[in-house]
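Student: This note's numbering numbers the first residue of the sequence shown as 882 and each following residue consecutively.
Beta carbons are placed, not taken as given, at the ideal position from N, Cα and C, and that holds for glycine.
Note that the structure is predicted; figures quoted are calculated from it, not measured.
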Amino acid sequence: MIIIGIILFLVGTIFYFLRPQLSEENIFEGDQKVRAKAPPFLLMFSQRLAAAIAAIGLFIALTPYLFFWADATEQYFLVYPTGSTSVVTTQGIKFRGFAKITPWQKYIDVKVIDDGRKNQDIEGAMSPIPIRFIDQVTATVYISCRFQLPLDEKSFETLAIKFRSMSNLVNNTLVPTVREQTNNTGYMFAAQDYISGEAQSFRQTLDEQLKDGAYAVEKLENRDTIYLDIQNEGDRMIKEIQTSYTVNKILINGVPKRISHEITENNIIVSQVIVDDVVLESTFKKRLEAQRDESAKRQLEQQKIETAKSSQQRIIAEGERDKAAERVTQEKEQVKQLIAIETKLKQEKTNKELAAIALETERLKSQQRKVAAEAMAYENAKLVSAGLTPQEKAEWQYKTSVGVAKEIANIQFPQTMITGGGDGGGTPLESLIGAAMAKQLLGNSKGK
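Printed below as a string of structure tokens:
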């Protein structure tokens, strides 16, 4: 575009000075032609047109030095010929006024890439970061970060003057700071804790230290003395002393103390932190595998124990079920027996009542016969006293006695009779029970 503008400027300037020298007609002095008519092509350019072409060419040639296109993915630092500076952070066509422009990418990627896999699209490609956890286990960290340049013009202008180019910012500040804070974060964790669920805390702590500054920490040493078996006499012998370390954040009024670094001092925004992988040392991996196998064995044993407990509980439950079933069966039998006993008692009570009625009936019959016999004897006595001879009187007395004896012999008295209600204090129910028992005893004696 600059070349086109220069060409137009030169053409316009040439025609501007050449146009007065061109003749629009042939000029003769006598018969001799002094000046020939210029070609129509050249005559069509007037001085005004030539000046316009020169002006347009000059404008085109100077346009790249007067204006520029600001891309949405970049920020620009401008230094004018007068020495003043300015910043452009928005996109579109901007006036530059012959200023020197230094473009800066708004977003800068810093990523760990293995050797031999260098990627030209990554501004901050770096090698894997070696770290050491607080329990002295080493590891290699693969991390990906994205940074954004300051949004306010003053901070960006200060950064641009300080680092002069983006490569200086990436190689001299961002990459070293990321490595440093990754090492500091590893120092705050134990490898055993990391694999036990602290991986998210590791990433979060690294993110916080990159965004807001490193944590000020203090290291505490903990010693655990393990003695030999209990001894009855003498001093106790020490088996070993286990030393462990813990790292605590230093708090000021409940807020963690921070140590600023280049990223925070230059107001660079940390927009993304991703821990791609943490590769632990091989010896620790072997120890983890051994722990995993041991844990698997313990889990298997625990499963066996749980199975045995379940079997035991099942057996106990089945026993309780059988006991409950047997208890129900026995209770049913007891109920049947109780019902039979109650039925028998009711039957015996009824029999006793019937026996009492029969006994009373027989008593009344015997009394009736006795009264009849006494009446007959009284009648005979009257007859005798009325005038019988002594011989007849004796004969009637004999017959009367024989008749009374026969009648008495024909009377059927109850075989067993027990009376109560006298001074002895017995009850009719006891009398009936006694009668039944006596009847049973008599029956047994007859059977023998």
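With 16 as the cutoff for other CB atoms within 10 Å, does Thr-829 come out buried or exposed?
Tutor: Because the chain here runs from 882 to 1329, residue 829 falls outside it and cannot be looked at.
Student: DSSP three-state label for Gly-1303, please.
Tutor: Any reading at Gly-1303 must be qualified, since the residue scores a pLDDT of 49, below 50, and its modelled position is unreliable; the value itself is stated next. Three-state result, Gly-1303: coil.
Student: Keeping to the same chain, check which residues put their C-beta closer than 6 Å to that of Thr-1021; ignore five residues upstream and five downstream.
Tutor: Pro-1009, Pro-1011, Val-1160
Student: Along the alpha helix (DSSP H) that carries Tyr-1068, what are the first and last residues, could you check?
Tutor: 1056 to 1068
Student: Output needed for Val-969: all residues of its chain with C-beta closer than 6 Å, excluding positions within five of it in sequence on either side, in chain order.
Tutor: Contacts found: Ala-951, Tyr-957, Lys-975.
Student: Does DSSP put Gly-1005 in a helix, in a strand, or in coil?
Tutor: In this structure, Gly-1005 counts as strand in the three-state DSSP scheme.
Student: What three-state label does DSSP hand Tyr-961 in the structure shown?
Tutor: coil
Student: With a Cβ-Cβ cutoff of 8 Å, do Ile-1015 and Phe-979 count as a contact?
Tutor: no
Student: Quick check on this structure: which residue in Lys-981, Thr-1054, Ile-1197 has the alpha carbon closest to the alpha carbon of His-1142?
Tutor: Thr-1054
Student: Within a Cβ cutoff of 7 Å, which residues of the same chain sit near Gln-972, ignoring the five residues on either side of it in sequence?
Tutor: Ala-951, Asp-952, Ala-953
Student: For the stretch 1138 to 1200, which segments carrying the alpha helix (DSSP H) assignment without a break, of at least 4 residues, lie completely within its bounds, in sequence order?
Tutor: Whole alpha helix (DSSP H) segments, 4+ residues: 1143 to 1146.
Student: How close, in whole Å, do the beta carbons of Val-993 and Tyr-1023 come, if the pair is a contact with beta carbons under 8 Å?
Tutor: 5 Å
Student: Is the beta carbon of Gly-886 sitting closer than 8 Å to the one on Ile-941?
Tutor: yes
Student: Could you spell out the range, first to last residue, of the beta strand (DSSP E) harbouring Gln-1029?
Tutor: 1019 to 1029
Student: With DSSP collapsed to three states, give me the class of Thr-983.
Tutor: Of the three classes helix, strand and coil, the one that applies to Thr-983 here is strand, per DSSP.
Student: Which value, in whole angstroms, describes the spacing of the CA atoms of Ala-1256 and Glu-1234?
Tutor: 33 Å
Student: Using DSSP with H/G/I as helix, E/B as strand and the rest coil, what is Ile-1131?
Tutor: coil
Student: Throw me the rounded Cβ distance for the Leu-1091 and Gln-1062 pair, which I believe falls under 8 Å.
Tutor: Sure, about 5 Å apart at Cβ, within 8 Å.
Student: According to DSSP, is Phe-1083 part of a helix, a strand, or is it coil?
Tutor: Under the three-state reduction of DSSP, Phe-1083 is assigned to helix.
Student: Using the C-alpha atoms, what's the distance from Leu-1245 back to Asn-1330?
Tutor: A question about residue 1330 goes unanswered here, because the residues of the chain that appear run from 882 up to 1329.
Student: Within its chain, find whatever has a CB closer than 7 Å to the CB of Glu-1079; leave out the 5 residues flanking it on each side and keep chain order.
Tutor: Phe-1070
Student: Using only the alpha-carbon positions, how far apart do Gly-1303 and Lys-1217 sit?
Tutor: Residue placement at Gly-1303 cannot be trusted, given a pLDDT of 49 that sits under 50; the coordinates are not used to answer.
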